[in-house]
Amino acid sequence: MAPKPTTNLALESGAAEDASVVDALPYIDGITADERHQADELIKEELKRSNKKPSDYLAKFAPMPPTTFQGHPVLQHEYDRVKAGRPVQPLDTSRFHLEPPPANKQNDFSAWRQATDNAHSQLEHQYNRLLNLELLLRYGSNARRRHNQSLEGHVHRLEGNIEKLSQQRDSINKQRKLTQEADGRTLKQLEQQYKALVIKNMEINMACQELESSVSQLQEEVGHSDDSSHDMPHTQMMDLDAPEPAPKDPAADEVEVDYS
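Written out as C-alpha cells, the structure reads:
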C-alpha cells in the first residue's frame with residue numbers, strides 16, 4: 420500500500436487537534452437566519468481585530484515538500500517570478516514581422532544582415548508549416564483518434580476517482596449524521612432527566628418548607644400550652660396532682676335481703 424502524502428497526514432493531525440474544541444452538531448442544531456447573520460457579523464468583527472495573516476493559519480501543519488525544477492530552468496524561472504509577484508513579460512513578436520531596416524539604417528550592413536536572417540527564419544517557419552500540414556493530412560486522423568482514445572481513458576480514470584471520493588464523502592457525512600443524531604437523542608434524554616430532577620427538587624423543597632412550617636406551628640402550640648400550665652392556680656394544680664379515687668364496686672352497695 421502506498422504511503423499517504425504528508426499534507427494529508429498534516430491535515431489529519433490538525434483535525435485531530437481541533438476535534439476537542441468542536442462542539443457544534445450541525446445536523447441537529449437548529450439555527451435561524453437571524454442567528455446565522457449574527458454569527459457572520461461576529462466572525463467579521465473577529466477578523467477585523469485579528470492580526471493573523473492567511474499563512475499563520477497553516478503554521479501548525481507540516482510544511483510543504485520543497486519544489487524542485489531540476490533540469491527545467493524555464494519552469495524554475497517562472498516559479499520564481501510568480502513567487503516574487505512580478506508581472507509576465509510580454510511576448511516579443513518583432514521576429515514574426517518581415518520588415519526592412521528603418522530609413523536611418525538603409526546603409527547599415529548589420530541592419531540588412533539582421534533583416535535577411537529574419538527573412539530566412541520566416542521562410543523556414545513557413546516551410547515547417549507546410550511539412551506539418553502534409554503530416555497532418557497523412558497521419559492526422561489516426562493520431563487524433565489515438566489522442567482522443569487516450570483522453571477518454573484519462574477522463575474515465577478521473578471520473579472513477581471522483582466517484583470513489585464522492586462515495587467516501589457521502590459515507591463520512593452519513594456516519595457523521597448518524598452519530599450526531601444518536602448524540603442528539605442522548606442530549607435530549609439528558610435534558611428531560613435534568614428537567615425532571617429540577618422539578619422533583621422543587622417539589623422536595625416545597626415539601627420541606629411545608630414541614631418546616633408545620634414544625635414551627637407545633638412548636639408554637641407546645642409553647643402556648645406550657646405557658647398556660649404555669650399560669651394555672653395552686654389549688655387546681657393540687658387537684659391535678661391528687662390521685663384519682665378508686666372506682667366504686669357496685670356489688671358493695673347491694674342490700675342483702677332475708678327471705679326466711
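All residue numbers for the sequence shown refer to this note's numbering, where the first residue is 420 and numbers rise by one.
The C-beta atom is built at its ideal place from N, Cα and C for all residues, glycine as well.
With a 10 Å radius around its C-beta and 16 neighbouring C-beta atoms as the bar for buried, classify residue i as buried or exposed.
i: T426; result: Below a pLDDT of 50, predicted positions are generally treated as unreliable, and T426, at 42, falls in that range; the measurement from the model is reported next regardless. Classification of T426: exposed, given that the 10 Å Cβ count is below 16.
i: M657; result: At M657 the pLDDT is 49, less than 50, meaning the model places this residue with poor confidence; the figure from the coordinates comes in the next sentence. Result: exposed.
What separation, rounded to the nearest whole angstrom, lies between the Cα atoms of residue i and residue j?
i: K631; j: A615; result: The amino acid occupying residue 631 in the given sequence is Glu; Lys does not appear at that position. The straight-line gap from Cα to Cα measures roughly 24 Å.
i: Q588; j: N551; result: It should be pointed out that residue 588 corresponds to Arg in this sequence rather than to Gln. Cα to Cα, the separation comes out at about 47 Å.
i: G579; j: K619; result: 59 Å
i: V493; j: V501; result: 12 Å
i: N470; j: Y476; result: 11 Å
i: P509; j: I450; result: 52 Å
i: Q586; j: V574; result: 18 Å
i: G603; j: I591; result: 18 Å
i: H643; j: M621; result: 33 Å
i: G504; j: G490; result: 23 Å
i: K472; j: E454; result: 27 Å
i: R564; j: D527; result: 53 Å
i: S560; j: E543; result: 26 Å
i: C627; j: E465; result: 50 Å
i: I462; j: A452; result: 15 Å
i: Y558; j: L577; result: 29 Å
If you run the structure through DSSP and keep just helix, strand and coil, what is residue i?
i: S569; result: helix
i: P506; result: coil
i: G490; result: coil
i: Q525; result: coil
i: I591; result: helix
i: D511; result: coil
i: L554; result: helix
i: E582; result: helix
i: K614; result: helix
i: K472; result: coil
i: K479; result: coil
i: T598; result: helix
i: T451; result: coil
i: L630; result: helix
i: A458; result: helix
i: L577; result: helix
i: H496; result: helix
i: A401; result: Missing from the structure shown is residue 401; the chain here goes from 420 to 679 and no further.
i: L606; result: helix
i: E518; result: coil
i: Y446; result: coil
i: T654; result: Confidence is the limiting factor: at T654 the pLDDT is only 48, short of 50, which leaves the residue's position unreliable, though a coordinate-based value still follows. T654: helix per DSSP, three-state reduction.
Compare the beta carbon distance of residue i and residue j with 9 Å and say whether it is the shorter of the two.
i: W531; j: P520; result: yes
i: N537; j: L517; result: yes
i: S540; j: R514; result: yes
i: Y498; j: T512; result: no
_the region 594-609 touching the region 445-452, judged by at least three CB pairs closer than 8 Å_ = yes
*asked:* Does the contact criterion of 3 or more C-beta pairs under 8 Å hold for the region 598-613 versus the region 454-465?
replied: no
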